[in-house]
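If you're matching them up, the sequences are chains A and B in order.
Per this note's numbering, numbering of the first sequence is gapless, rising by one per residue and ending at 1633.
Per this note's numbering, numbering of the second sequence is gapless, rising by one per residue and ending at 1633.
Just so it is clear, CB atoms sit at the ideal spot from N, CA and C, and this is done for glycine as well.
Note sheet for the following structure.
There are 2 protein chains.
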Amino acid sequence: MLDILNEVKDFEIITIYRHTGADADALGSQFGMKYFLESNCPDKKIYALGDDVGSAADMFPTRDQLDDISIAKSCAIILDTGNTERIDDQRYKMAKKVIKIDHHIEVDAYGDVSYVDTKAAAACEILALMFENSKKVVSTACARALYIGLLADSINFTTTSTTARTLQAAAYLVSCGLDVNKISQERMGMSENDFFYINEIRSSVTVDRHVAYAIMDASTYEKYGLDYNLAKEKVFAMANVKEFEIYCLFTEDKSYGEGYYNGSLRSKNVAINEIANDYGGGGHANACGVKKLTKEDISRLVNDLANLL
Amino acid sequence: MLDILNEVKDFEIITIYRHTGADADALGSQFGMKYFLESNCPDKKIYALGDDVGSAADMFPTRDQLDDISIAKSCAIILDTGNTERIDDQRYKMAKKVIKIDHHIEVDAYGDVSYVDTKAAAACEILALMFENSKKVVSTACARALYIGLLADSINFTTTSTTARTLQAAAYLVSCGLDVNKISQERMGMSENDFFYINEIRSSVTVDRHVAYAIMDASTYEKYGLDYNLAKEKVFAMANVKEFEIYCLFTEDKSYGEGYYNGSLRSKNVAINEIANDYGGGGHANACGVKKLTKEDISRLVNDLANLL
């Protein structure tokens, strides 16, 4: 296992990065690393960089600011990022040494030191086990950041990537003084507005064979104070229904003008990304997206999906 | 830690019990124990007894049948039950030896051997750690039963009773060959009917200060093929909303005649059981119930709850 304290020992400045469109595993591993180094290297200056924060941002501090000269002197640690293009703050290239720590399938083999474990459910799992192994101080703040990332990427310990090691990492983090109940309330709680908007989605569901879908107009989500980005995330409103093999949320995107919808498509078992490709979209086998659909396109798309089952 | 194989070694017949109104921890610990003994004592006859199965029943086998004479020869193991009155199948009293294993606060100190750990999040947690400690065979079926009970009583590892030990127990069970993704799909999946009924509840929600409540008539839940018992369980439809400090589901119970409702009351932080008591109900501080309320009673009750906040 990588000895991170040994790797950074010759540097006074450490810069920490993660991918663009940061999710909870990206931010959790970034701040988990920051807190671990702060506890164990009080003489070093440690910065969490990166502009682009997503919907998990409210559970983490804001990023640090740093000038180019300082970055050029630093050791860069890049977390949860498989390809160099997605590293948020490309100034990492200026750093004296680059360390990659990741759990994605390797797209770019970058870094002077690289530690990739594709069997880990989350980058936060790798760090939790690394820090436990180090026998050094792990503060509650560090454990909290890692636990949030672990929960997010393993979807509360339910994904196929969740292993005994994932739960061992979780057990270790809880032993560092976490209040799992408080973390859960922070993570799972939705606003009353979201509750009622999700209800609108569920009330709009149409079922065609085993495909469930909802078409949501901008006027509806705006009524609940939501913008397009927040509205389109709510595809989970149709998750966990036994009969819904495939479920899709079509959300109006007014940037294309009126009457155009972007679709978030989810499938439990069948691969649906080829159909997404047919409509100019893309993504993973069980989670993909299509942009700029008319209502007629949606009808055809839903029919094509239903024909897969 | 209790050496269960040593405790039962002199018996040819072992009978296993749990509490009435069996939940997933009761059934999980009962069948987990049964499978463990079957793997490790192939010469013994092992029976899971008890009539009263609840909504978790579809994830477990049906109970065994056994005559009084066999029970009288047996060693009885009683799981997850704090008081003797709730033991499902009172014939346990006929058994030659009684072993109690539980995580509830002790109401009745019963049993020739008693192993009570109130710090465990679930009876299944106690068994998982006991079986791990034994170094004996733990089959995947045994691990699955225990994991389901552990998830249920810890509400997916989110309750205040969830400790590092709970997650260590979970890690051990997963290492016995569990497919956590499959278990999650089995547990979390709701039927399309439930989806649309839950939606009716959510569409009926009224918010009074930070109390959310829904009043559901029998005609509505019957439209979705639900009976009273299945309908009243759906109080979770209002969970996890930041603004809802207290939430209540009032479900019509036609056994009292028309227009009478039973309430399931939930609170995040404030104790509400004294108010439940004022209306002739009872239960825990944050989860309690009241029976036979008119709509006028409900208005007064909601007002009393809102005044607590």
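request  = Figure out for me which residue from A1630/B, G1613/B and T1483/B has the closest Cα to the Cα of T1530/B.
outcome  = If we check each option's Cα against that of T1530/B, A1630/B comes out closest.
If we cut at 8 Å on Cβ distances, does L1453/B have a partner in chain A?
Not closer than 8 Å to any Cβ of chain A, the Cβ of L1453/B fails to qualify, so no.
How long is the line joining the alpha carbons of A1469/B and F1574/B, rounded to whole angstroms? Rounded to the nearest angstrom, the two C-alpha atoms are 32 Å apart.
Exercise. Taking all protein chains shown into account, do 16 or more other C-beta atoms lie within 10 angstroms of the C-beta of H1343/A, making it buried, or fewer, making it exposed?
Worked result: With 16 or more other Cβ atoms within 10 Å, it is buried.
Assuming F1574/A is part of the alpha helix (DSSP H), what are its boundary residues? Per DSSP, F1574/A belongs to no alpha helix (DSSP H); it is in the beta strand (DSSP E), I1570 to E1576.
(request) Give me whichever residues DSSP pairs with R1590/B in a beta bridge. (result) According to DSSP, residue pairing for R1590/B in a beta bridge involves Y1571/B and A1611/B.
Practice task
Count the other C-beta atoms from every protein chain shown that fall within 10 angstroms of the C-beta of S1588/A, then say buried if there are 16 or more, exposed otherwise.
Solution key: Per the 10 Å Cβ criterion, buried.
Q.
So, for E1557/B: in the same chain, excluding its five sequence neighbours on each side, which residues have a beta-carbon less than 7 Å away from its beta-carbon?
A. Taking C-beta separations shorter than 7 Å and ignoring five residues to either side along the sequence, the partners of E1557/B in its chain run S1379, following chain order.
Subject >> Beta carbon proximity, A1494/A to chain B, threshold 8 Å >> reply: So, interface residue.
* Count the other C-beta atoms from every protein chain shown that fall within 10 angstroms of the C-beta of L1625/A, then say buried if there are 16 or more, exposed otherwise. => Burial of L1625/A is indicated by the presence of at least 16 other C-beta atoms within 10 angstroms of its C-beta.
* To do: Check the DSSP bridge columns for I1539/A and list the partner residues they point to.
  => F1574/A.
message: Quick check on E1524/B: buried or exposed, where buried means 16 or more other Cβ atoms within 10 Å of its Cβ?
response: By the C-beta density criterion, E1524/B is buried, having at least 16 other C-beta atoms within 10 angstroms.
Could you spell out where the beta strand (DSSP E) holding A1400/A opens and where it closes? Note, A1400/A: beta strand (DSSP E), C1399 to L1403.
### Query
If we ignore side chains and look at the alpha-carbon of each, how far apart do G1501/A and T1464/A end up?
Distance between the alpha carbons of G1501/A and T1464/A: 6 Å.
Buried/exposed call for K1506/B, threshold 16 Cβ in 10 Å = With fewer than 16 other Cβ atoms within 10 Å, it is exposed.
Taking I1425/A as the reference, which of R1415/A, Q1414/A, T1408/A and M1418/A has the closest Cα? Nearest option by C-alpha distance: T1408/A.
### Query
Taking Cβ-Cβ distances below 7 Å as the criterion, which residues of the region 1367-1399 of chain B are in contact with chain A?
Taking 7 Å as the Cβ-Cβ cut-off against chain A, none of the residues of the region 1367-1399 of chain B qualify.
Can you pull the chain A residues whose beta carbon is under 7 Å from the beta carbon of L1491/B, in chain order? What L1491/B touches in chain A: L1491, A1494, A1495 and V1498.
Closer than 8 Å, Cβ to Cβ, to anything on chain B: give me those residues from the region 1578-1601 of chain A, in chain order. Considering only beta carbons, the part of the region 1578-1601 of chain A lying closer than 8 Å to chain B consists of K1592, in chain order.
Can you name the residues that DSSP bridges to A1372/B? Note: A1372/B sits in a beta bridge opposite I1340/B.
* Closest by CA to K1427/A, which one among A1476/A, D1628/A and T1442/A? -> The displayed chain sequence assigns His, not Lys, to residue 1427/A. Out of A1476/A, D1628/A and T1442/A, the CA that lies nearest to the CA of H1427/A is found in T1442/A.
Could you pull the start and end residues of the alpha helix (DSSP H) that Y1471/B belongs to?
Segment T1464 to D1477, the alpha helix (DSSP H) holding Y1471/B.
Using 8 Å as the limit for Cβ to Cβ distance, is N1457/B near chain A?
It does not; no Cβ of chain A falls within 8 Å.
Quiz item: Are any of the Cβ atoms in chain B nearer than 8 Å to that of N1610/A?
Solution: By this cut-off, N1610/A is not an interface position.
Self-check item: Contacts of V1535/A in chain B (Cβ-Cβ under 9 Å)
Solution: Under a criterion of Cβ atoms nearer than 9 Å, no residue of chain B is adjacent to V1535/A; the nearest Cβ is some 12 Å distant.
| message | DSSP has Y1439/A in a bridge; who is on the other side? | response | The partner list for Y1439/A (beta bridge, DSSP) reads I1425/A.
**Report entry** Nearest to E1546/B (by Cα), restricted to the options E1576/B, M1454/B, I1622/B and A1396/B
**Finding:** Comparing Cα-Cα distances from E1546/B to each of E1576/B, M1454/B, I1622/B and A1396/B, the minimum goes to E1576/B.
| message | I need the DSSP call for D1503/B, collapsed to helix, strand or coil. | response | The answer is coil: DSSP assigns D1503/B none of H, G, I, E or B.
Exercise for review: Please classify Q1414/A: is it buried, with 16 or more other beta-carbons within 10 angstroms of its beta-carbon, or exposed?
Suggested key: So Q1414/A counts as exposed.
With burial defined as no fewer than 16 other Cβ atoms inside 10 Å of the residue's Cβ, what is the status of I1522/A: buried or exposed?
The residue is buried, with at least 16 neighbouring Cβ atoms inside 10 Å.
*Does the beta carbon of T1544/A sit closer than 8 Å to a beta carbon anywhere in chain B?*
Chain B has no Cβ within less than 8 Å of the Cβ of T1544/A.
| task | Just grab the DSSP bridge partners of A1346/A for me. | result | DSSP output for A1346/A lists V1377/A as bridge partner(s).
Worksheet entry | Contacts of S1636/A in chain B (Cβ-Cβ under 8 Å) | It is not possible to answer for residue 1636/A, since the shown part of chain A is limited to 1325 through 1633.
*asked:* Can you tell me whether Y1658/B is helix, strand or coil according to DSSP?
replied: Because chain B spans 1325 through 1633 in this model, residue 1658/B falls outside it and cannot be assessed.
Tell me the rounded alpha-carbon separation between D1541/A and Y1471/A.
Between D1541/A and Y1471/A, the C-alpha separation is close to 36 Å.
Cβ-based neighbour list, T1483/A, same chain, cut-off 7 Å, excluding 5 preceding and 5 following:
Here the set comprises A1445.
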